[in-house]
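Notes follow the structure.
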Amino acid sequence: MNAHATATRSQARPAVSDRSRAEARLGRRLVAPAIVLMLLVTAFPMLRALYLSLFSYSLTAPDDREFVGLENYIVALTDPLLWRDTAITVFYMVVTVAFELVIGFVFALVMHRVIFARGVIRTSILIPYGIITVVSGFAWQFAFTAQNGFVNQWLPFVGADFNWFGEQTPAVIAICVSEIWKTTPFMSLLLLAGLAQVSEDMIEAAKVDGASWWQRMTRVILPNMRAAIMVAVLFRALDAYRIFDNIFVMTNGAVNTESISFLTYRQTIEQFQLGIGSALSVLLFLSVLLIAVVIVKLFRVDLAQARQEG
Amino acid sequence: MAATTPNWLRRSGTALGCVLILAWCLLPVVWIISLSFKSQIAITNGSPGFFPASGDFAGWANYRDVWDNDQFRRAIFNSIGISLIATLLSVAIATLAAYAIARLEFRGKKLVLSMALAFAMFPVVSLVGPLFDMWRTIGLYDSWPGLIIPYMSFTLPLAIWTLSAFFREIPWEMEQAAQVDGATSWQAFRRVIVPLAAPGVFTAAILTFFFAWNDFVFGISLTSTENARPIPASLSFFVGSDPFNRPASLLAAGAVISTIPIIVIVLLFQRKIVAGLTSGAVKG
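Quick look at the structure:
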């Protein structure tokens, strides 16, 4: 890009500024539709939520809308329900991302080494990625039910009539299984791409120097994959924090499996409480932002570096 | 290769890994297909086990029943229409933006990319309340455009990132050559870059389509009838006659039908999808 600019500049000065001005104008015109659409459908509703969160507003009685200041936030933040749901959401996030990272890394190592049947592996790994989350939720829910599923038959340590959805812990496990099953392939593909970027020469050099498999892994491969791992963790953690579909399908929020997204949905769409629902929306947005900032700061994720822009 | 581990051990380790990956990915798919062949009577009476027991096999009966269901057929139609239109529009808009980001020099370029990334992180559920209210006011509630617009907006960040990554790999000199030959920036874009960029655009389209096809939150929140209700929402609301005992095998048949387009796309384009997924997020 720079070479292009300097080459033209040396030829004729006034033509350059004209050309670069035209280029800038075209650039702005080409990005405008995307920006406008994202602002209208994403930023505007978010600001609208911020505004509505200051009102007592229910769609069942829209004429009784009245300004209440921060009352909705006080109600939400002092309700133990919010904290219980936040805790369980953080649990979902940490557990699923941890499992996905470990299993995904093993998958990536295997795929990196496979020479034959690459297409078959790649095709099958894309199926969970592409499948509808609702379908994954149904498949696992039916698999876990005592009446028609196979899990109780296969697992030696649970009785044939064990009810996975009767209490919190087993229900949360079932939800996590569905979530981990569906998203591990995506994680493994991201990690595979990171693995492919680690220079073979470096690994070879370590091998010549007598480094064991474990040493090569922890001293050479993993540090060089840092950027890829962190980007994968950031993307998946933010996604996992918004968990909704599997909970809706598998337990519908029963037995304390409700996530913060589910609580927000229940308030706004099911109960038409737009005031308090909007306050929850804003809090959900802020918590996602907080998690993003924490991950980026804590692990010093450098997105530009990950994209090799230096 | 390795001095320490014997070759046969490494190779059998890799083979075992492959078997594990295949089992992981395909077991639940085989399970839902197997479930879709259990008869509805067997489901009501309880029929545990991975494969239908003898006598519980229903043949194509569940598929026929699901296909005869108007709501289901309508949902498939909605999903295909809405996802395709949203994909086309989103990719068209993203292509323009990604071209500008990858090839043109203008202020605010970095801002556009970071904005796209920030929007990609927005929690969908946060926006559904205000959108629900807005759509009801302006009459987009429970209509195709009411879903197409949010799908476009939510797939734009992914499409812009994937496409700008692809566009950076395109040989830049070709466009210069066209401009030296007297083409304007716009002509150079249309005649030279578009054909070169087509594979990348195609990949972005597949990823966008997957997103739209998979969406659930907008689907259940912004629709109320079969007017626009897409397939994931329709499946989740399909309760059958007994709300305490969902018709598992019937639902499984519906789920399998809704997965067929995904499997076809994956089989045809697996190489492109992998390239697109990883370039957008890692390589750039």
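Sequences listed follow chains U and L, in order.
Sequential numbering of the first sequence, starting at 1, is according to the numbering used here.
Sequential numbering of the second sequence, starting at 1, is according to the numbering used here.
Beta carbons: idealized from backbone N, C-alpha and C, even for Gly.
Cut-off 6 Å between Cβ atoms - residues of its own chain near N62(L), not counting five sequence neighbours on either side: On the second sequence, position 62 is the one that residue 62(L) refers to. Cβ neighbours of N62(L) beyond the five flanking positions: S36, S249, L250 and A253.
Quick one, are the C-beta atoms of L52(U) and S278(U) less than 8 Å apart? Numbered from its first residue, the first sequence carries residue 52(U) at position 52. Numbered from its first residue, the first sequence carries residue 278(U) at position 278. The Cβ atoms of L52(U) and S278(U) sit closer than 8 Å to each other.
Between the Cα of R216(U) and those of I203(U), T183(U) and F235(U), spot the shortest distance and give me the residue it belongs to. Here residue 216(U) is taken as the residue at index 216 of the first sequence, counted from 1. Nearest C-alpha to R216(U): I203(U).
Tell me the DSSP secondary structure of F157(U) in three-state form. Start at 1 with the first residue of the first sequence, and residue 157(U) comes out as number 157. Coil.
CB-CB under 6 Å to G219(L), same chain, minus the five flanking residues each way: which ones, in chain order? Counting from one through the second sequence, the residue named residue 219(L) turns up at place 219. So the list reads P230, P232 and A233, once near-sequence residues are dropped.
When the Cβ atoms of the stretch 101 to 116 of chain L are set against those of the stretch 221 to 229 of chain U, are three or more pairs found closer than 8 Å? no
Any C-beta of chain U under 8 Å from that of N62(L): Position 62 of the second sequence, counted from the start, is the residue given in the question as residue 62(L). Judged by the 8 Å Cβ criterion, N62(L) is not in contact with chain U.
Could you give the residue range of the alpha helix (DSSP H) that holds K110(L)? In the second sequence, the residue the question calls residue 110(L) occupies position 110. First-last of the alpha helix (DSSP H) with K110(L): K109 to A120.
Neighbour-count burial assignment, I74(U), 16 or more Cβ in a 10 Å radius: Counting from 1 along the first sequence, the entry for residue 74(U) is found at position 74. The residue in question, I74(U), is exposed, as its Cβ has fewer than 16 Cβ neighbours within 10 Å.
Roughly how many angstroms separate the alpha carbons of M230(U) and F299(U), rounded to a whole number? Along the first sequence, read from residue 1 onward, the residue named residue 230(U) stands at position 230. Along the first sequence, read from residue 1 onward, the residue named residue 299(U) stands at position 299. Between M230(U) and F299(U), the C-alpha separation is close to 7 Å.
Contact set between M174(L) and chain U, taken where Cβ atoms lie within less than 8 Å: Here residue 174(L) is taken as the residue at index 174 of the second sequence, counted from 1. Residues of chain U passing the Cβ test: none, with the nearest at roughly 12 Å.
8 Å is my cut-off, CB to CB: does P171(L) come that close to chain U? Within the second sequence, residue 171(L) is the residue found at index 171, counting from 1. Answer no: the Cβ-Cβ gap between P171(L) and chain U never drops below 8 Å.
Apply the 10 Å Cβ neighbour rule to A281(L) and answer buried if 16 or more other Cβ atoms are within range, or exposed otherwise. Residue numbering aside, residue 281(L) sits at position 281 when the second sequence is read from its first letter. Reliability of the predicted coordinates at A281(L) is poor, the pLDDT of 49 falling under 50, and the value obtained from them is presented with this limitation in mind. Per the 10 Å Cβ criterion, buried.
Which residues in the same chain have their Cβ closer than 8 Å to the Cβ of V172(U), if we skip the five residues on either side of it in sequence? Taking the first sequence and counting its residues from 1, one reaches residue 172(U) at position 172. These residues qualify, in order along the chain: I88, F91, Y92 and T257.
For A196(U), collect the residues of the same chain with a Cβ closer than 8 Å to its Cβ; drop the 5 residues on either side in sequence, then sort them by chain order. One-based indexing of the first sequence puts residue 196(U) at position 196. Within the same chain, A196(U) has close Cβ partners H112.
Which whole-angstrom value is the C-beta distance of V249(U) and V134(U), which I expect to be below 8 Å? Counting from one through the first sequence, the residue named residue 249(U) turns up at place 249. Counting from one through the first sequence, the residue named residue 134(U) turns up at place 134. Rounded, the Cβ-Cβ distance is 5 Å, consistent with contact.
Do you know how far the Cα of V91(L) is from the Cα of A76(U)? Counted from its first residue, the first sequence places residue 76(U) at position 76. Counted from its first residue, the second sequence places residue 91(L) at position 91. For A76(U) and V91(L), the distance between alpha carbons rounds to 39 Å.
Using a Cβ-Cβ distance cut-off of 8 Å, determine whether F142(U) contacts chain L. What you label residue 142(U) is simply residue 142 of the first sequence in a count that begins at 1. Closer than 8 Å: yes.
Min CB distance I273(L) to chain U below 8 Å: Numbered from its first residue, the second sequence carries residue 273(L) at position 273. Output row for I273(L): interface = yes.
Tell me F57(L)'s beta-bridge partners as DSSP assigns them. Walking along the second sequence from the start, residue 57(L) turns up at place 57. According to DSSP, F57(L) bridges with K38(L).
Beta-carbon proximity list for G59(L), same chain, < 6 Å, skipping 5 on both sides: Position 59 of the second sequence holds residue 59(L). Result list for G59(L): empty, nothing under 6 Å.
Please check if any C-beta of chain U sits within less than 8 Å of the C-beta of Q270(L). The count along the second sequence starts at 1 and reaches residue 270(L) at position 270. It does; some Cβ of chain U falls within 8 Å.
Hey, does D18(U) have any beta-carbon neighbour from chain L nearer than 8 Å? Translated into positions along the first sequence, residue 18(U) becomes position 18. With 8 Å as the cut-off, D18(U) does not count as an interface residue toward chain L.
Assuming I80(L) is part of the alpha helix (DSSP H), what are its boundary residues? For the purposes of this step, residue 80(L) is identified with residue 80 of the second sequence, where counting begins at 1. Run containing I80(L): D70 to R103, per the alpha helix (DSSP H) assignment.
Go through the stretch 63 to 137 of chain U residue by residue and report every complete run of the alpha helix (DSSP H) that reaches 4 residues or more, in order. 71 to 78, 80 to 113 and 118 to 130
Between the stretch 78 to 95 of chain U and chain L, which residues of the former have CB atoms less than 8 Å from a CB of the latter, in chain order? none
Please compile the residues from chain L whose C-beta is within a distance smaller than 8 Å of the C-beta of P185(U). Reading the first sequence from its first residue, position 185 is the one you call residue 185(U). Residues of chain L passing the Cβ test: C25.
Can you tell me the Cβ-Cβ gap for E179(U) and N252(U), rounded? I've got them flagged as a contact below 8 Å. Your numbering for residue 179(U) matches position 179 in the first sequence. Your numbering for residue 252(U) matches position 252 in the first sequence. Actually they are not in contact, since the Cβ atoms of E179(U) and N252(U) sit about 16 Å apart, beyond 8 Å.
Is the beta carbon of T223(L) sitting closer than 8 Å to the one on D142(L)? Here residue 223(L) is taken as the residue at index 223 of the second sequence, counted from 1. Here residue 142(L) is taken as the residue at index 142 of the second sequence, counted from 1. In this structure, T223(L) sits near D142(L), with a CB-CB distance shorter than 8 Å.
Cα separation between S261(U) and T184(U)? Reading the first sequence from its first residue, position 261 is the one you call residue 261(U). Reading the first sequence from its first residue, position 184 is the one you call residue 184(U). Going from the Cα of S261(U) to the Cα of T184(U) covers about 21 Å.
Assumed close pair L274(U), S58(U) - CB separation to whole angstroms, cut-off 8 Å: Mapped onto the first sequence, residue 274(U) falls at position 274. Mapped onto the first sequence, residue 58(U) falls at position 58. Separation of the CB atoms of L274(U) and S58(U) is rounded to 7 Å, and the pair is thereby assigned contact status at 8 Å.
Proximity test, Cβ basis, 8 Å: I149(L) and chain U: Here the question's residue 149(L) lines up with position 149 in the second sequence. Closer than 8 Å: yes.
To the nearest whole angstrom, what separates the beta carbons of T278(L) and L189(U), a pair I think is in contact under 8 Å? By one-based count along the second sequence, residue 278(L) stands at place 278. By one-based count along the first sequence, residue 189(U) stands at place 189. About 6 Å; that satisfies the 8 Å criterion.
Contacting residues, own chain, Cβ-Cβ under 7 Å from V256(L) (five flanking each side not counted): In the second sequence, the residue the question calls residue 256(L) occupies position 256. Same-chain partners within the cutoff: I32, I33 and S36.
In chain L, which residues lie with their C-beta within 9 Å of the C-beta of Y73(U)? In the first sequence, residue 73(U) corresponds to position 73, counting from 1. Simply none; closest approach about 15 Å.
Compile a chain-ordered list of the residues in the stretch 46 to 60 of chain L whose CB is closer than 8 Å to at least one CB of chain U. Those residues of the stretch 46 to 60 of chain L that come within reach of chain U (Cβ to Cβ, closer than 8 Å) are G46, S47, P48, G49 and F50.
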